Amino acid sequence: PNRKNPGRPDEVIINRLKLNKDQVLQFENLKNEHRKQTEDLQFASKKLHDEYFGLLKSETPDTLKASQILNELGKNQQQLDKITFEHFQKIKNICDKDQKQLFNTFIDEIAGSFKPPVPKK
């Protein structure tokens, strides 16, 4: 497999777990459910980031407000991570015994595919 461009996360999961047609349908439902659960949180995080960095426009940024926004960003990230963890649990639950071994072998890679790219030096 091409590690630099492994494909979309959903394709990686389907291919690496060797999901059958029924499992792919279940996975598609799980994927759509996950997307719905995370969209609002991601939008809220973007707004919070904009508000947080917008504080820099002031001569004396409100440090209390900055702290409150950072706290909210942390809560959002925690919720996103929890939802994603539960999503992976559900994916593992649709797998048979052999597929669960495959899942365990590359869970770090799967989870890593959802992280932002590492900045180039």
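Sequential numbering from 2 applies to the sequence shown in the working numbering.
No residue lacks a Cβ here, since even glycine has one placed at the ideal position from N, Cα and C.
Note that the coordinates shown come from a computational prediction; the quantities given were computed from them, not determined experimentally.
Here GLN100 is near LYS19, since their CB atoms are less than 9 Å apart.
Along the length of the stretch 82 to 117, whole alpha helix (DSSP H) runs at least 4 residues long occupy 98 to 113, reported in chain order. Contact between TYR53 and LEU71 holds: their C-beta atoms lie close to 7 Å from each other, under 8 Å. Of the candidates GLU40, ASP41, PRO10, ILE92, the residue whose Cα lies closest to the Cα of PHE28 is ILE92. DSSP places ARG9 outside both helix and strand once states are collapsed to three, so it counts as coil. For LEU26 and LYS98, the gap between their C-alpha atoms comes out near 19 Å.
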